[in-house]
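Residue numbers (the numbering used here): 9 to 170.
This is the structure in structure tokens:
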């Protein structure tokens, strides 16, 4: 993985080491700071204040730490703390620190960091500047390798004469 880490936002997918399936993180502690959202209405930055039950379904399936005879109790995660956050910036609205894609949450049942982030929630969306940069790169590549593109090659059809 690169040294650059993504910030986590609303709709990040999380997983518990002791659960069966992932759940979606919901940001409920602040309403002002967005990331990766041109409209500024959907991708709130997740912070260390996403505590308690900050997930959509509030379950990771069955909790392997809570056996009940031949099965397990349903998981009901209670997040008590986050580790591995970005401590150089503090979100003033909730006094939390932004979560990073390798942050881990401690669940009250496990007592240790067992909830990890599978996907950070950001979605790459190309902008006009991305296309301008691509056109410039293509022009440079064309000068270095002057093989014509498929659209510039003329196609000839031949007929066999008997």
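Even for Gly, the Cβ is constructed at its ideal location relative to N, Cα and C.
>> Taking a contact to mean a Cβ-Cβ separation below 8 Å, would you say residue 98 touches residue 44 in this structure?
In response: no
> Exposed or buried, which one is residue 100 when buried takes at least 16 other CB atoms within 10 Å?
Replying inline: exposed
>> Taking the straight line between their C-alpha atoms, what separation do you get for residue 91 and residue 24?
In response: 14 Å
>> For residue 119, tell me which candidate among 94, 26, 110 has the shortest Cα-Cα distance.
In response: 26
> How about residue 89 and residue 114: do their beta carbons lie closer than 8 Å?
Replying inline: yes
>> Please list the terminal residues of the continuous beta strand (DSSP E) segment that includes residue 39.
In response: Here residue 39 belongs to no beta strand (DSSP E), and DSSP marks it neither H nor E.
> Buried or exposed: which applies to residue 64, given that a residue is buried once 16 or more other Cβ atoms fall within 10 Å of its Cβ?
Replying inline: exposed
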